[in-house]
């Protein structure tokens, strides 16, 4: 690895910041302590700080000493999850029911490390925009920052993001052009019938029977309506009806999620979900009410920015440690909103298999959103070096 010596030397200090953030997790749009920490650090390094964008977001602007040029955005997410941590090491969560189980503490710390280094090495043209985003976990914080004028105030020529990835070898990178993460969508279907005595079902319109048929019919969208070569997931995850054994209820509730890599497939699934729900319910003398929410769009990497980022990653860790055609995942990520506004690239940085965890970690796997997860601090110099080299190389083109 071609890591910068100065960054290696500062890794322990950045690790302290990371563990500080891990020990004090904050949920979406509540990242007040974390935002204060980020803003104070940026200010201490002479970086201009802007606050309040996306409620608790922080933006740092660093201008190079060589004059005007391009503007590149580097983004890290800051929020934690509503999860009780199972780890018992020293930096375990001090906030009950809240945990950094997705590594956003590491993302924030690595971008701070890059900001510190670049503030001491301003021999570049143009500007680096450090975007510390709130509410990635279900709050669409990226869209909130955009709505508050992120790219109007900071008209970046490109924007880049990064996520640690358990299961990918420690310090390796993964990326792919085009769709890399799926859209995230939820649906709620309420089947309304006519309740009655369970021993006299002919006097009722049974929403439970209608609902079970709807659940089965929805899978035909995946197997019979979309093209087999188009990836998609439709999962029914909730079915609620009735309160006792001898009463046919008035209604049944069905809920679930839909994931796709394209808007076209998503349009098809939503249309067919509505049609099937209404028509199947009607066949059983019931009515269906359908609510379909599009939460996050698919994350689509831009080809030229993927090629550029891949060159930086290969230079840093060696081409053999960079997978430029990694399998897309049905997980979702709101950095997708930024990639709808600006060209850019999102990459995975391997977090390893969990062997890095300190004594006192939980017994569960070191997977994202798991109460035994912990960010791999060995990645800090790798991630910081990636951000630094990427910004420097990009601005060289100014």
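Residue numbers (the UniProt record's numbering): 1 to 398.
Where a beta carbon is used, it is the ideal one built from N, C-alpha and C, also for glycine.
Check, Outcome
"Where the alpha helix (DSSP H) through residue 141 begins and ends", "141 to 147"
"Segments of 4+ residues assigned as alpha helix (DSSP H) that fall wholly inside the region 116 to 171", "141 to 147, 150 to 153"
"Inter-stretch contact at 8 Å, needing at least 3 Cβ pairs: the region 78 to 95 / the region 362 to 381", "yes"
"Element boundaries [beta strand (DSSP E), containing residue 291]", "287 to 296"
"Status (buried if at least 16 other CB within 10 Å, exposed otherwise) for residue 235", "exposed"
"Beta-carbon gap between residue 183 and residue 297 smaller than 7 Å", "yes"
"Own chain, CB closer than 7 Å to residue 393, minus 5 neighbours either side, in chain order", "312"
"Whole-Å CB distance - residue 162 paired with residue 349, under 8 Å assumed", "6 Å"
"Whole-angstrom distance between residue 61 and residue 158, CA atom to CA atom", "15 Å"
"Alpha-carbon spacing of residue 317 relative to residue 69, whole angstroms", "28 Å"
"Integer Cβ distance of residue 187 from residue 291, believed to fall under 8 Å", "7 Å"
"Residue burial classification, residue 66 (beta-carbon count within 10 angstroms, cutoff 16)", "exposed"
"Counted within 10 angstroms of its Cβ, other Cβ atoms place residue 46 as buried (16 or more) or exposed", "exposed"
"Residue 152 to residue 221 span [Cα, whole Å]", "40 Å"
"Beta-carbon gap between residue 77 and residue 15 smaller than 7 Å", "no"
"Test item: CB-CB of residue 302 and residue 343 under 7 Å", "yes"
"Rounded distance between the beta-carbons of residue 124 and residue 64, thought under 8 Å", "4 Å"
"Opposing strand residues paired with residue 235 [DSSP bridges]", "257"
"Cut-off 8 Å between Cβ atoms - residues of its own chain near residue 117, not counting five sequence neighbours on either side", "4, 6, 7, 10, 384, 388"
"Bridge-paired residues (DSSP) for residue 428", "No answer is possible for residue 428: it lies beyond the span of the chain, which begins at 1 and ends at 398."
"According to DSSP, residues forming a beta bridge with residue 21", "In DSSP, residue 21 forms no bridge with anything."
"Inter-residue spacing [alpha-carbon to alpha-carbon] between residue 326 and residue 233", "19 Å"
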